[in-house]
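Novice: Handing you this structure, nothing more for now.
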Amino acid sequence: MSFFKSTLLLFFSLVACATQRESLQPLPIKPGAENLDVYLPTLGNQPVGLVANQSSIINNHGDFVHLVDTLQTLGVSLVKVFAPEHGFRGVADAGEKIENQIDSKSGLPIYSLYGKNYKPTAESLEGIDILLFDLQDVGARFYTYLSTLHYVMEACAENDIPLIVLDRPNPNIHLVDGPVLDTMFSSFVGMHPVPISYGMTIGEYAQMINGQRWLNNEIQTDLTIVPIKNYTRTSEYAPPIKPSPNLPNLQSIHLYPSLCLLEPTVISVGRGTNQQFQIFGHPQLWIRDYSFTPQPNPGAKNPKHNGQLCYGKDLSDFPKPTKIELDWLLDAYAYFPDKDSFFLSGFNRIAGNDLLQIQIKNGYNAEQIRNSWQKDLDVFNKIRGLYLIYPEN
Numbered sequence: 250m251s252f253f254k255s256t257l258l259l260f261f262s263l264v265a266c267a268t269q270r271e272s273l274q275p276l277p278i279k280p281g282a283e284n285l286d287v288y289l290p291t292l293g294n295q296p297v298g299l300v301a302n303q304s305s306i307i308n309n310h311g312d313f314v315h316l317v318d319t320l321q322t323l324g325v326s327l328v329k330v331f332a333p334e335h336g337f338r339g340v341a342d343a344g345e346k347i348e349n350q351i352d353s354k355s356g357l358p359i360y361s362l363y364g365k366n367y368k369p370t371a372e373s374l375e376g377i378d379i380l381l382f383d384l385q386d387v388g389a390r391f392y393t394y395l396s397t398l399h400y401v402m403e404a405c406a407e408n409d410i411p412l413i414v415l416d417r418p419n420p421n422i423h424l425v426d427g428p429v430l431d432t433m434f435s436s437f438v439g440m441h442p443v444p445i446s447y448g449m450t451i452g453e454y455a456q457m458i459n460g461q462r463w464l465n466n467e468i469q470t471d472l473t474i475v476p477i478k479n480y481t482r483t484s485e486y487a488p489p490i491k492p493s494p495n496l497p498n499l500q501s502i503h504l505y506p507s508l509c510l511l512e513p514t515v516i517s518v519g520r521g522t523n524q525q526f527q528i529f530g531h532p533q534l535w536i537r538d539y540s541f542t543p544q545p546n547p548g549a550k551n552p553k554h555n556g557q558l559c560y561g562k563d564l565s566d567f568p569k570p571t572k573i574e575l576d577w578l579l580d581a582y583a584y585f586p587d588k589d590s591f592f593l594s595g596f597n598r599i600a601g602n603d604l605l606q607i608q609i610k611n612g613y614n615a616e617q618i619r620n621s622w623q624k625d626l627d628v629f630n631k632i633r634g635l636y637l638i639y640p641e642n
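Read in the numbering used here, the sequence shown has 524 at position 275, and its numbers run on one by one without any break.
And the structure:
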């Protein structure tokens, strides 16, 4: 074989190998908001409302553009925006009440769903023919965007407004675990009988709210889900924008379902540091693996133990949990000197029951506590299976 032919054959074989490798690369995940061809025709010339925050973005060839800007550029008649906890720009503290305002860039009125009203009022929905919902969830029951979703769905049903949920990946979709909420403990940090981690996207969750008739008087929403493209239940996904001020990275999102159980105790989970939900500690904690001093920062104007040296643990390198990690809560309680002051008033609301606190005080270990969840988890998993959109792999 001549040198020319052998060189040519080598070239084509390399091209073929490269093409094969390229074909094996997974296609990029496209959140519902990016699938404009699916929902723009439905919007037409109707006046549109949007539930959104800083996470409501579209990847435009590597540049992230806010959905508000995208819709306005495309000529959609966007007339109002509704913002959840932390506000439209996502900088307010947890629990900080937010007033209605005018967005300086778009000129649109922003109605707060975390101020005087958690639920859009009939007045605020006037002049809207259809509502879009686009918020990044993190897969934990106490993340308040689920409650915002509930109230938005309820308001839409009561005012005969169709709702389109632009689905986004759940970074904790692998995790279905924790105590199922006892509805006696329903609140804005947990409204539905679901475990701490429910392993569903927010679109799937919306279908479950509707299908299980969890809205007031068992009403149902005229609901459409715009699905995520190229997504499965084993897909790895890191939100490109912080979903809220105190979830700065994927590690904090993965640890959040477990570490949030420490929030309604005297223990700090790193608010007021740059390692929020990756560390925990207290000035009197007998765990001395790590130390930090909380200071005011964006998202934590007055953090727990402000200016005090705290001792505890650094979990920055902890592997992605495959269950709700109870050892951190149990260890913090065991190594805190004043047991009577450990739990704060909101603990049962976050736990979703009053049993977990009793179990901890009575010396239950993690396995015993987890076994007490299993029956309710089995029931939930049967319900959950009715509403799943995405395949396992």
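C-beta atoms are modelled at their ideal positions from N, C-alpha and C, and glycine is treated no differently.
Beta-carbon within less than 7 Å of N597's beta-carbon, same chain only, minus the 5 sequence neighbours each way: which residues are those?
Specialist: Cβ neighbours of N597 beyond the five flanking positions: F434, D603, Q606.
Novice: Closest to T571 by C-alpha separation, out of L292, I422, E512, would be which residue?
Specialist: For T571, the nearest C-alpha among the options comes from I422.
Novice: What first and last residue would you give for the beta strand (DSSP E) that runs through K329?
Specialist: Where K329 is concerned, the enclosing beta strand (DSSP E) stretches over 327–332.
Novice: Hey, L381 and V297: beta-carbon distance below 8 Å or not?
Specialist: Yes, Cβ-Cβ distance for L381 and V297 is below 8 Å.
Novice: Roughly how many angstroms separate the alpha carbons of V314 and V429, rounded to a whole number?
Specialist: One C-alpha to the other measures close to 37 Å.
Novice: Leaving out five residues on either side along the sequence, give the residues of the same chain with a beta carbon under 6 Å from the beta carbon of I632.
Specialist: Contacts found: none.
Novice: Can you tell me the Cα-Cα spacing of E372 and S517, whole angstroms?
Specialist: If you take the alpha carbons of E372 and S517, they lie about 40 Å apart.
Novice: Given a cut-off of 8 Å, decide if P488 and P420 are closer than it, judged by their beta-carbon atoms.
Specialist: It is a contact, given that the beta carbons lie within the stated cut-off.
Novice: Take Y367 and list the residues in its own chain whose beta-carbon comes closer than 6 Å to its own, dropping the five residues that flank it on each side.
Specialist: Only Y400 meet the Cβ criterion.
Novice: Give me the residue from E641, L635, N642 with the minimum Cα distance to Q240.
Specialist: No information on residue 240 is available, as it lies outside the stretch 250 to 642 that the chain covers here.
Novice: Using alpha carbons as the reference points, say which of N302, I307, Y639 lies closest to P476.
Specialist: Nearest of N302, I307, Y639 to P476, Cα basis: Y639.
Novice: Assess, as a yes-or-no matter, whether the region 347–355 is touched by the region 459–469 under the definition of 3 or more beta carbon pairs within less than 8 Å.
Specialist: Touching, no, given that fewer than three Cβ pairs across the two stretches are closer than 8 Å.
Novice: Return the residue from the list E453, T542, T483, N551 that minimises the CA-CA distance to Y560.
Specialist: Comparing Cα positions, the closest option is T542.
Novice: Quick check on the DSSP output: the alpha helix (DSSP H) that includes F529 runs from which residue to which?
Specialist: No alpha helix (DSSP H) contains F529, which is instead part of the beta strand (DSSP E) from 528–531.
Novice: Let me know the secondary structure DSSP gives Y639 once reduced to three states.
Specialist: Coil, per DSSP.
Novice: Ignore the nearest five residues each way along the sequence and tell me which others in Q617's own chain have a CB closer than 6 Å to its CB.
Specialist: Excluding positions up to five away in sequence, the list is empty.
Novice: List the residues that DSSP assigns as beta-bridge partners of Y360.
Specialist: The partner list for Y360 (beta bridge, DSSP) reads F331.
Novice: In the DSSP output, which residue or residues are listed as bridge partners for Q350?
Specialist: Q350 pairs with I359.
Novice: Kindly indicate the opening and closing residues of the beta strand (DSSP E) around K562.
Specialist: Taken as a continuous stretch (DSSP letters only), the beta strand (DSSP E) holding K562 covers 559–563.
Novice: Beta-carbon within less than 7 Å of N294's beta-carbon, same chain only, minus the 5 sequence neighbours each way: which residues are those?
Specialist: The answer, listed in chain order, is S326.
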